[in-house]
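Written below as structure tokens is the structure these notes are about.
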Amino acid sequence: MSYSTELNQTSDHREVIFRWLHLTDLHLGMDGLENLWPNVEEIFFNDLEYLCEQVGPLDLVMFTGDITQGGSESEFQQVDKLLTSKHSAISQRPLATLSAKPTLREREQLSAKGLWPLGIAHAT
Numbered sequence: 050m051s052y053s054t055e056l057n058q059t060s061d062h063r064e065v066i067f068r069w070l071h072l073t074d075l076h077l078g079m080d081g082l083e084n085l086w087p088n089v090e091e092i093f094f095n096d097l098e099y100l101c102e103q104v105g106p107l108d109l110v111m112f113t114g115d116i117t118q119g120g121s122e123s124e125f126q127q128v129d130k131l132l133t134s135k136h137s138a139i140s141q142r143p144l145a146t147l148s149a150k151p152t153l154r155e156r157e158q159l160s161a162k163g164l165w166p167l168g169i170a171h172a173t
């Protein structure tokens with residue numbers, strides 16, 4: 050019996066595909082963002098739906114980089130609220146996992162306030 054070690058094969062020889070979307074540097078809390086986001090939110094989620102129609106369901110959506118502008122507790126609460134509300138909206142489309150990963154600077158700020166490793170509810 051021989052076993053294939055190629056990544057594009059499974060035991061039944063079908064192709065394995067992992068689809069992911071990486072979003073970075075949201076900077077939630079930045080001056081003016083509260084006026085900008087409502088203008089692009091619907092377009093963003095329409096584009097995400099179109100993307101899924103074209104390439105198939107996403108297995109992972111990652112938010113990384115500077116998720117907040119200043120790393121304040123209130124900004125992370127805004128991130129948590131945004132990801133919680135949008136996770137349910139995104140989950141109505143085919144999607145397995147939503148992940149947010151703060152930067153080292155943001156983790157240090159949270160840690161200094163006694164909020165890390167709790168941080169964001171969706172952090173992995």
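Each step along the sequence shown adds one to the number in our numbering, with nothing skipped, and position 21 is 70. From the three backbone atoms N, C-alpha and C, an ideal C-beta is built for every residue, glycine too.
In this structure, the alpha-carbon of residue 99 lies about 10 Å from that of residue 93. Going by DSSP, residue 112 is part of no alpha helix (DSSP H) but of the beta strand (DSSP E) stretching over 107 to 113.
Taken through DSSP and simplified to helix, strand or coil, residue 117 comes out as strand. The C-beta separation of residue 70 from residue 110 comes to about 5 Å, placing the pair in contact by the 8 Å criterion. Counting along the chain, residue 153 sits inside the alpha helix (DSSP H) bounded by residues 153 to 161. When beta bridges are read from the DSSP output, residue 77 appears opposite 117.
Straight-line spacing of the CA atoms in residue 95 and residue 121 works out to 30 Å.
Take the alpha-carbon of residue 123 and the one of residue 105: they are about 36 Å apart. If you look at residue 93, you'll find it in the alpha helix (DSSP H) that goes 82 to 104.
Here residue 70 is bridged, per DSSP, to 110. One alpha carbon belongs to residue 115, the other to residue 157, and they sit about 13 Å apart. Looking from the CA of residue 149, the closest CA among 77, 65, 67 belongs to 77.
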